[in-house]
Amino acid sequence: FGYDVVNQTLNEIRPSYEWDLSCKGSVPQSIVAFLDSNDFEDAIIKAISIGGDSDTIAAMTGSIAHAYYRHIPEWMVDCCRDLLDDRLCMILDDFSRCYVHQNNDEKPKGGGDQMMECLMM
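In full-length UniProt numbering, the protein residues as written are 1 to 121.
The following block contains the structure:
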């Protein structure tokens, strides 16, 4: 795919990285931030430290990190939930119940046609 940056470290990426909204300019950096991380929080910190379009890079890195580490620190969850209104919290809870692993043994219910059925419970 020509993503040479995946072979670089974050310390090699940071000095020359500039704001870049393209996939080639943000996806590989997100992957490197995840690969260099030790846990979810570390992944987010490293993603933000790259600079540039850091919210996009952190969102992608966080998605990968959550899927891999399967844990987001409670203080981070609480901080984000405090910014949501009740309706959005309810939507988030319903989505999480249907599509997010609650522990390592439990599989999410969702997929395909089950989405609306699950969200209507």
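For glycine and all other residues, C-beta sits at the position ideal for the given N, C-alpha and C.
Query, Result
"With distances taken between CB atoms, is the gap from S37 to A67 smaller than 9 Å?", "no"
"Using a Cβ-Cβ cut-off of 7 Å (strictly less than) and excluding sequence neighbours within five positions of G52, which residues of its own chain qualify?", "Y17, E18, W19 and D20"
"Candidates C23, P15, N7 and D39: which alpha carbon is nearest V32's?", "N7"
"If you drop the 5 nearest sequence neighbours on each side, which residues of the same chain put their C-beta closer than 6 Å to that of M60?", "S30"
"Could you give the DSSP three-state label for G51: helix, strand or coil?", "coil"
"Got a sec, what are the start and stop residues for the alpha helix (DSSP H) Q29 sits in?", "V27 to L35"
"Have a look at K46 and D78 and give me their C-alpha separation to the nearest angstrom.", "21 Å"
"In whole angstroms, give me the CA-to-CA distance for E41 and G62.", "9 Å"
"Where does N11 sit, in a helix, a strand or coil, going by DSSP?", "helix"
"If the criterion is Cβ atoms closer than 9 Å, does the pair C89 and R81 meet it?", "yes"
"Looking at the unbroken alpha helix (DSSP H) that takes in R87, where does it start and where does it end?", "D86 to Y99"
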